[in-house]
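Worksheet: one structure, shown below.
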Amino acid sequence: MATDVAQRTTVPAVTALPPTTGVRFRSTAVTWSWRGFLAVVYLILFGPLVILMVFSINDSNVVAFPLEGVTFHWYTDAFHDQLLHAALVNSIVVACIVAPICLVLGTLTAFGLTRFRFRARPAVSGLVGAPLILPWLIIGIAALMFYVRFKIDLSLNTVIATQIVCTFPLVTAIV
């Protein structure tokens with residue numbers, strides 16, 4: 756009888772659980788719905804680019820189907836346009852001036868805001884981050900109104916100043 760009780764009260768041996776591989780199993784409906792969602796997102800993002808590429812080789816002046824033929828004369832016209840060359844040179848000049856200035860100013864500002872505690876820190880942080888909440892189009896229009904109001908001639912210098920205003924807070928936030 757004692758052996759009978761001992762046999763009934765023994766605890767089964769604990770078996771180790773199989774190691775997990777980190778893979779979570781999902782239902783196929785959830786997986787396919789995510790894939791469908793991502794397909795729609797990619798279509799919205801890249802669809803206009805594909806349409807633009809297709810119509811860029813169309814021989815017609817009108818954007819319509821069916822395509823009238825394949826041509827690359829739009830690209831040759833663009834490469835021979837002197838205004839586009841001047842715009843490209845201006846963009847490169849602005850980028851080569853704005854990038855180092857914003858890199859230095861933004862890094863120093865981020866360093867100062869994170870390493871030092873001072874009374875005006877919240878105000879400085881708010882002023883530096885303020886352009887981030889405004890659309891850049893609004894900043895550009897406001898800068899144009901500022902330059903016109905104070906009779907500042909529009910030039911590459913005004914473009915550089917406005918680009919610094921837009922880019923400096925981004926560098927500060929990233930660094």
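The numbering of the sequence shown is the numbering used here, which starts it at 756 and goes up by one.
Where is the CB? At the ideal position from N, CA and C, for every residue including glycine.
- The C-beta distance from Gly824 to Asp814 rounds to 4 Å, short enough to meet the 8 Å contact threshold.
- Rounded to the nearest whole angstrom, the C-alpha separation of Leu822 and Phe810 is 8 Å.
- Thr869 sits exposed, since fewer than 16 C-beta atoms from the chains shown fall within 10 Å of its C-beta.
- With contacts defined by Cβ atoms closer than 8 Å, Thr831 and Val926 do not form a contacting pair.
- Between Phe827 and Ile812, the C-beta gap is smaller than 8 Å, which places the two residues in contact.
- In the same chain as Ala784, and ignoring 5 residues on each side of it, no C-beta atom comes closer than 8 Å to its own.
- Residue range His828 to Phe834 is occupied by the alpha helix (DSSP H) that includes Asp832.
- Using a C-beta cut-off of 8 Å, the region 885-901 makes no contact with the region 840-857, since fewer than three inter-stretch Cβ pairs fall below that distance.
- The DSSP-derived three-state label of Asn816 is coil.
- Per DSSP, the beta-bridge partners of Val825 are Asn813.
- When rounded, the separation of the alpha-carbon atoms in Ala878 and Trp789 is 43 Å.
- Inclusion of Thr922 and Val853 in the CB contact set at 8 Å is warranted, their separation being smaller than that value.
- DSSP places Phe873 outside both helix and strand once states are collapsed to three, so it counts as coil.
- Closest by C-alpha distance to Ala841, out of Ile919, Thr917, Leu911 and Val930, is Leu911.
- Excluding its 5 nearest sequence neighbours in each direction, Thr864 has C-beta neighbours in its own chain below 7 Å: Val883 and Thr927, listed in chain order.
- Here Cys857 is not near Ile929, since their CB atoms are 8 Å or more apart.
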